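Notes follow once the structure below has been shown.
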Amino acid sequence: MTTLYRATFLHTPENPFTHADALRAESDGGLLVEGGVIRARGAFADLRAAHPDAPVTDLRGGLLLPGLIDTHVHLPQVRVIGGLGLPLLDWLDQCALPEEARMADVAYARDVARDFTRGLVGAGTTTALVFGSHFAGAVDAFFEEAAQTGLRAVAGLVVSDRLLRDELHTTPERSYAEGKALIERWHGVGRTLYAVTPRFSLSASEGILDACAALMREHPGVRFTSHINENTREIEVVQGLFPGARDYLDTYERAGLIGRHSVLAHNVHPSDRELGVMAAAHCTAAHCPCSNSALGSGFFPLRRHLDAGVHVALGSDVGGGTGFSLLKEGLQAHFMQNLMPGGVPLSPAHLLYLATKAGADALDLPGVGAFEPGQQFDAVHLAPAPGTPLDAVFRHAASPERALAAAFATGTPGDVAQVWIGGDVAHTRA
Numbered sequence: 001m002t003t004l005y006r007a008t009f010l011h012t013p014e015n016p017f018t019h020a021d022a023l024r025a026e027s028d029g030g031l032l033v034e035g036g037v038i039r040a041r042g043a044f045a046d047l048r049a050a051h052p053d054a055p056v057t058d059l060r061g062g063l064l065l066p067g068l069i070d071t072h073v074h075l076p077q078v079r080v081i082g083g084l085g086l087p088l089l090d091w092l093d094q095c096a097l098p099e100e101a102r103m104a105d106v107a108y109a110r111d112v113a114r115d116f117t118r119g120l121v122g123a124g125t126t127t128a129l130v131f132g133s134h135f136a137g138a139v140d141a142f143f144e145e146a147a148q149t150g151l152r153a154v155a156g157l158v159v160s161d162r163l164l165r166d167e168l169h170t171t172p173e174r175s176y177a178e179g180k181a182l183i184e185r186w187h188g189v190g191r192t193l194y195a196v197t198p199r200f201s202l203s204a205s206e207g208i209l210d211a212c213a214a215l216m217r218e219h220p221g222v223r224f225t226s227h228i229n230e231n232t233r234e235i236e237v238v239q240g241l242f243p244g245a246r247d248y249l250d251t252y253e254r255a256g257l258i259g260r261h262s263v264l265a266h267n268v269h270p271s272d273r274e275l276g277v278m279a280a281a282h283c284t285a286a287h288c289p290c291s292n293s294a295l296g297s298g299f300f301p302l303r304r305h306l307d308a309g310v311h312v313a314l315g316s317d318v319g320g321g322t323g324f325s326l327l328k329e330g331l332q333a334h335f336m337q338n339l340m341p342g343g344v345p346l347s348p349a350h351l352l353y354l355a356t357k358a359g360a361d362a363l364d365l366p367g368v369g370a371f372e373p374g375q376q377f378d379a380v381h382l383a384p385a386p387g388t389p390l391d392a393v394f395r396h397a398a399s400p401e402r403a404l405a406a407a408f409a410t411g412t413p414g415d416v417a418q419v420w421i422g423g424d425v426a427h428t429r430a
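Per full-length UniProt numbering, the sequence shown runs over residues 1 to 430.
Given below as structure tokens:
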């Protein structure tokens, strides 16, 4: 089926940190979509003239953006959002880990997966790199729910063998066997990909990391994700657990886990050596600004990452973060960079890139992230309710860029009118 979408749309097919004119906008634009794939893009009048018989979906009055891409979010933590006032390790013990233990019950895990996927898609997220569960049955349930929702899910079994609750521990042998079975069942099926996921080096021994590396060697298309340098106390504990490691990154590096398909969350306190290795390996730092603030982890050194050549994308870090909206994450990133010494001023173009194309590049998904011909039609239509402040800005904005700034400043999931994934409607506001 062919559809011509008429809308004010914006996207960043280039990186605005390196290309001054990266933001592309059409005030009265058209996107010709056939079979879920964008076939043409341009001024609506031109596309209408070229395709006079194509049915038109009129989305004027709002903004059409590429589907948002979350590069760090935790499946089991959707019901513990808002545990404010605690540093990372205390928050894990008191909020996150007790909830994660409940995921052993597959029926409970399936209900959580439903809350989680609906929350993501309802916030405009069409692709997510997901920290799954410590229980293989719960990961299965999530992939099933993601397939039903249509979410592009990159996820995996979370593995640990120390310093957590006993029921969350596994062994290298079991983690390898369960991971292999999940890869064979889900990797590359529909819109799902697998991500090898040791929780972090604090809870993953050399044996667990070696088992993860074995899975990656045997299945070179899978992704890798974990945490790094989030909290100063965490870093101290990891140094004690790996006395021979040069730094936190080296615990993963020595196991052979750092490469093009690696996404490391947080990296608030990196060394220069770590940044250099990450840049050389073309791996990504997932920046989670709301979580960094809520848990008091610190200011993300964006300028040091950019100067070193490290790729950066956005993550919500639910439930250490404060919700699924990447609009809010972009706003918080803007605030924190303004406040920190040597911060990077972030324009609306930077925020849109970090929430879309940067995530697609991080996950090596060239078919999403912008509105380029040949890409999948993953899109979010922001259309605030009449009479709201954001509606007033949209109606009177001098340019699409000004409307985009307002979307990041005040937009919420309530402003998400519709979401498409691969051309399929995945969410419609009630």
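Beta carbons: idealized from backbone N, C-alpha and C, even for Gly.
Every value quoted in this text rests on a predicted model; they were computed, and no experiment measured them.
Length of the line joining the Cα atoms of residue i and residue j
i	j	result
GLU372	GLY298	36 Å
VAL33	THR126	17 Å
PHE17	HIS350	7 Å
GLY207	VAL158	14 Å
LEU97	ARG41	47 Å
ALA379	HIS169	39 Å
SER325	GLU144	23 Å
PRO341	PRO55	52 Å
ASP70	ALA128	5 Å
ARG303	ALA49	46 Å
HIS227	ALA265	5 Å
ASP115	GLY374	32 Å
ALA409	VAL393	11 Å
ARG174	GLY422	35 Å
GLY387	GLY124	22 Å
ASN292	LEU339	14 Å
SER133	GLN77	10 Å
GLY240	GLY296	22 Å
GLY309	GLY369	20 Å
ALA360	ARG273	26 Å
ALA405	SER347	8 Å
LEU64	PHE377	11 Å
GLY367	GLY414	27 Å
residue 442	VAL37	Residue 442 lies beyond the residue range present for the chain, which begins at 1 and ends at 430; the question has no answer from this structure.
Limits of the beta strand (DSSP E) - the one that residue i falls within
i	result
VAL368	Per DSSP, VAL368 belongs to no beta strand (DSSP E) and is neither H nor E.
GLU26	24-34
HIS74	68-74
ALA43	37-43
SER262	262-266
VAL121	First-last for VAL121: 106-122, but that is the alpha helix (DSSP H), not the beta strand (DSSP E).
LEU351	Premise fails: LEU351 lies in the alpha helix (DSSP H), 348-355, not in any beta strand (DSSP E).
ALA155	152-156
ALA379	379-382
6 Å CB neighbourhood of residue i in its chain, flanking five on each side removed
i	result
VAL312	ALA285, HIS287, HIS305
ARG165	LEU97, ALA101
ASP28	PHE44
VAL238	SER201, LEU202, TYR248
Close-in-space but distant-in-sequence residues of the same chain around residue i (CB under 8 Å, 5 per side omitted)
i	result
HIS74	ALA96, VAL130, PHE131, ASP317, VAL318, GLY319, GLY320
ASP46	GLY30
ILE183	TYR194, LEU215, HIS219, VAL222
ALA136	LEU157, GLU178, ALA181, LEU182
Assumed close pair residue i, residue j - CB separation to whole angstroms, cut-off 8 Å
i	j	result
THR356	THR12	7 Å
residue 438	GLU14	One cannot answer for residue 438 here, as it falls past the ends of the chain, which runs 1 to 430.
THR232	HIS269	6 Å
LEU10	LEU327	At roughly 13 Å, the Cβ-Cβ gap does not stay under 8 Å, so LEU10 and LEU327 are not in contact.
residue 446	LEU209	It is not possible to answer for residue 446, since the shown part of the chain is limited to 1 through 430.
residue 437	ALA141	Any property of residue 437 remains undetermined from this structure, which presents the chain solely from 1 to 430.
ALA383	GLY122	Contact doesn't hold; Cβ gap of about 14 Å is too wide.
ASP424	GLY150	5 Å
Spatial neighbours of residue i in its chain, beta-carbon cut-off 7 Å, leaving aside the 5 residues before and after
i	result
PRO289	PHE300, GLU329, GLN332, ALA333, MET336
ALA146	THR117, ALA153, THR192
THR428	GLN418
GLU218	none
LEU59	TYR5, ARG6, ALA7, HIS381
VAL80	CYS95, ALA96, GLU99, GLY319
ALA211	PRO172, SER175, TYR176
ILE235	ASN229, TYR248, HIS269
GLY256	ALA213
Near the ligand ADP: residue i beta-carbon under 6 Å from a heavy atom
i	result
ARG273	The ligand ADP is absent from the structure shown, which contains no ligands of any kind.
Residue interval of the alpha helix (DSSP H) (run including residue i)
i	result
ILE208	206-218
SER293	289-294
ALA7	Premise fails: ALA7 lies in the beta strand (DSSP E), 2-11, not in any alpha helix (DSSP H).
PRO198	PRO198 -> not in any alpha helix (DSSP H); beta strand (DSSP E) instead, spanning 192-198.
HIS396	389-396
ARG233	232-241
SER175	172-186
GLN337	326-339
ASP140	136-149
Does the structure place the segment 219-227 close enough to the segment 243-263 that three or more beta carbon pairs sit under 8 Å? yes
Do the segment 104-115 and the segment 170-182 meet, that is, are 3 or more Cβ pairs less than 8 Å apart? no
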